[in-house]
Amino acid sequence: MSRRTPVGLLLLAAFLCAGIAAQAAEVQRFAVVNLEKVFREYRKSRIAEDAFKQQAEVYRNYFVKQQGLLVQLRKQAEQLQEEARNPALSEADRSKAGADAVVKAREVAAKEAELKLYAAERLRTMRDAEQKKREEVFADIYKEIDRRAAAEGFTFVLDSSGKTMNEQPTVLRFPASCDLTEAVIRELNRTMSEAEKKEAAPAAAPQPGEKTEPQPE
């Protein structure tokens, strides 16, 4: 004969499970952060962006200068080719111009290859540097988000700057009290300012009577 579980125990177990689930739901707190805005207004990312623009301008100026030299080489090559075909010149002069034109054409090809390689290498360098700096900035951002979420008891933090395939916000509605964006920006910039002050502060001068360590020679 099989034993039957009393109906009362089943109901009690159901109520207990429902109560536990309700308690778990109560502690699940959600927050949002506009990552795009945080990245844009974090001073470290703006300083890095300015530095990248300055470096890109240096690369561009060099490239433009070398392009000018390439234009001159092409003109010289064309002039030599014309001289090589000029019937008014002697055969010896035409032969010499033809030989010089071949040499100049090689210089043109070498300069074109040089500029192509330069552009590709500098583009790769800039992309790698930007990616590295971006990862560094986001590491700071995520660290502050994790710290604040833990301190304020948020279980989940969503990115409110995301878009769906229909170009609609991924997070449609949320109370202002759940938005950590401005607080994260303020803390990141405050921490950065404090670090800059410490780096800029001169070393404290020794007080009268205070012994100082001898410097190694």
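Mapping of the sequence shown onto mature numbering (1 follows the signal peptide of the UniProt record, and there is no 0): residues -24 to -1, 1 to 193, in sequence order. Cβ atoms here follow ideal geometry from the backbone N, Cα and C, with glycine treated the same way.
The beta carbon of A32 lies closer than 8 Å to those of M102 in the same chain, with the five residues before and after it left out.
Beta-bridge partners of V133 (DSSP): A7. Taking the Cα positions, D155 is about 12 Å away from E128. Annotation: L46 to K87 spans about 6 Å, alpha carbon to alpha carbon. When rounded, the separation of the alpha-carbon atoms in R110 and D122 is 18 Å. Using a 10 angstroms sphere on the CB of F6, the tally of other CB atoms stays under 16, which defines it as exposed. Residue burial is scored here from C-beta neighbours: N62 has fewer than 16 other C-beta atoms within 10 angstroms and is therefore classed as exposed. Using a 10 angstroms sphere on the CB of A27, the tally of other CB atoms stays under 16, which defines it as exposed.
The alpha-carbon of T131 is positioned some 34 Å away from that of K174. By the Cβ-count criterion, L93 is exposed, with fewer than 16 other Cβ atoms from all chains shown falling within 10 Å of its own Cβ. The beta strand (DSSP E) runs lying completely inside the region 103 to 162 and spanning 3 residues or more are 132 to 135, given in chain order. Just so you know, the alpha carbons of K119 and Q30 end up roughly 29 Å apart.
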